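In my numbering, the protein residues as written are 56 to 338.
Every residue, glycine too, gets a C-beta built ideally from N, C-alpha and C.
As the structure is a prediction and not an experimental result, all values here were calculated from the model.
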Amino acid sequence: MKSFWISAVLILLAGCSAKGLYYYPNVKLYLDPVQLGHVYETHQFPSINGENIIGLFFESTGAPKGTILFLHGNYGNLSYHFYQATFLMKHGFNVFMIDYQGYGGSEGKPTPQNTIEDGQAAVRYALWLSSANPVPLGLFGQSIGAAVGTVVAAREPQVKAVVLEAGFTTYKKIMGSVMRRGVLTWPFSFFVPSLIAPAGFEPQEFVASISPRPVLFIHGDRDKIVPVEMSRQLFERALEPKQLLIVPGAGHLECRTAMQGKYEHEIADFFAEAFLKSPTSKN
Numbered sequence: 056m057k058s059f060w061i062s063a064v065l066i067l068l069a070g071c072s073a074k075g076l077y078y079y080p081n082v083k084l085y086l087d088p089v090q091l092g093h094v095y096e097t098h099q100f101p102s103i104n105g106e107n108i109i110g111l112f113f114e115s116t117g118a119p120k121g122t123i124l125f126l127h128g129n130y131g132n133l134s135y136h137f138y139q140a141t142f143l144m145k146h147g148f149n150v151f152m153i154d155y156q157g158y159g160g161s162e163g164k165p166t167p168q169n170t171i172e173d174g175q176a177a178v179r180y181a182l183w184l185s186s187a188n189p190v191p192l193g194l195f196g197q198s199i200g201a202a203v204g205t206v207v208a209a210r211e212p213q214v215k216a217v218v219l220e221a222g223f224t225t226y227k228k229i230m231g232s233v234m235r236r237g238v239l240t241w242p243f244s245f246f247v248p249s250l251i252a253p254a255g256f257e258p259q260e261f262v263a264s265i266s267p268r269p270v271l272f273i274h275g276d277r278d279k280i281v282p283v284e285m286s287r288q289l290f291e292r293a294l295e296p297k298q299l300l301i302v303p304g305a306g307h308l309e310c311r312t313a314m315q316g317k318y319e320h321e322i323a324d325f326f327a328e329a330f331l332k333s334p335t336s337k338n
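This is the structure we're talking about:
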């Protein structure tokens with residue numbers, strides 16, 4: 056019996072890689088933005104480690120108030136997520152979004168370090184895109200994109216305002232939460248995350264460094280993927296200026312549906328107000 060449990064743990068450790076629990080990339084084309092009437096540019100640029108990543112740039116309808124870097128969730132690729140942020144165009148913002156390494160047409164493999172470096176490279180590339188007519192840069196991250204975005208914003212002071220939706224506190228805790236949802240993995244959820252969860256990239260350790268730039272946390276109170284308590288904990292660790300929006304009845308990344316048009320206005324107004332208070336960064 057003892058050898059059975061040892062074997063089970065070894066098999067589980069082999070299967071529960073960071074990629075297998077945090078990242079679910081593919082190259083499938085779910086929906087081309089053109090099908091929704093969007094015009095965009097495709098860009099390719101190197102991440103910090105030299106791997107080429109893909110970005111899409113959507114231009115504002117009208118004079119831009121700023122550019123928003125969108126960091127998507129852990130499943131699929133940009134063609135699955137782009138619609139989550141393109142509403143910002145009609146509110147006067149350019150939108151730049153990337154596929155992390157290993158997603159869509161981007162080279163490399165997704166890891167906590169690589170995704171964060173992808174985000175940092177995207178910040179610098181987005182600033183370069185608007186260098187002829189500089190505008191403020193904001194960051195909007197969802198789910199694992201919120202975790203990535205927390206560290207990116209802390210490291211990149213050129214980011215002037217941050218929206219984090221359904222973000223988690225630590226990789227260890229979210230790994231445990233994911234494992235507890237599975238019948239076979241539940242018994243191991245209380246110790247395996249401590250053995251294999253990556254360290255050094257925990258959002259809760261970086262969130263305070265976003266200040267004095269404003270940050271808005273958004274989370275549905277019925278989120279079964281990332282517990283809403285995690286956004287509350289991040290909010291407590293963050294310094295002012297900060298806001299917390301808990302959406303009643305919303306599941307994971309369902310705040311937009313639950314709030315209907317108010318969701319778009321909350322985010323657009325947040326960025327607009329933040330940019331009015333912040334001088335344009337030139338790079």
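Whether residue i touches residue j by CB criterion (9 angstroms)
i, j, result
"N104", "S161", "no"
"V94", "F113", "yes"
"A221", "I301", "no"
"E319", "L143", "yes"
"G159", "S134", "yes"
"R179", "F261", "no"
"D344", "I109", "Residue 344 lies beyond the range of the chain shown here (56 to 338); nothing can be said about it."
"P191", "A329", "yes"
"G193", "K215", "yes"
"Y85", "N129", "no"
"G174", "L111", "no"
Secondary structure of residue i, DSSP reduced to three states
i, result
"V281", "coil"
"N169", "helix"
"F256", "coil"
"H320", "helix"
"F246", "With a pLDDT of 48 at F246, under the threshold of 50, the modelled position of this residue cannot be trusted, and the question is left open."
"L239", "Annotation note: pLDDT 49 at L239 (below 50); position unreliable, no value reported."
"T205", "helix"
"E328", "helix"
"T225", "coil"
"K50", "Nothing about residue 50 can be reported from this structure: the residues present for the chain run from 56 to 338 only."
"E96", "strand"
"V82", "coil"
"G304", "coil"
"T116", "coil"
"I108", "strand"
"Y130", "strand"
Any non-hydrogen atom of the ligand FMN closer than 8 angstroms to residue i Cβ
i, result
"A263", "Of the ligands one can find in the structure shown there are none, so the ligand FMN has no counterpart to examine."
Cβ separation of residue i and residue j, assumed to be a contact under 8 angstroms, to the nearest whole Å
i, j, result
"P119", "F137", "18 angstroms between Cβ atoms; not a contact."
"F256", "G121", "Not confirmed; about 27 angstroms, so no contact."
"T225", "Q259", "6 angstroms"
"F100", "A176", "7 angstroms"
"I265", "A305", "Not quite, the Cβ-Cβ distance comes to about 24 angstroms (not below 8 angstroms), so this is no contact."
"K83", "G131", "7 angstroms"
"A323", "L294", "That pair is no contact at about 24 angstroms."
DSSP bridge partner residues for residue i (one or two, in chain order)
i, result
"E220", "Q197, I273"
"R298", "Before going on, a small fix: residue 298 reads as Gln here, not Arg. Answer by DSSP bridge pairing, in chain order: L271."
"I123", "V150, G193"
* Do the region 268-285 and the region 203-223 meet, that is, are 3 or more Cβ pairs less than 8 angstroms apart? -> Taking a contact to require three or more Cβ pairs closer than 8 angstroms, the region 268-285 and the region 203-223 qualify as touching.
* Taking 8 angstroms as the threshold, find out whether the region 166-182 comes into contact with the region 201-211 through three or more Cβ pairs. => Remark: three or more beta-carbon pairs, one from each stretch, lie closer than 8 angstroms, so the region 166-182 and the region 201-211 are flagged as touching.
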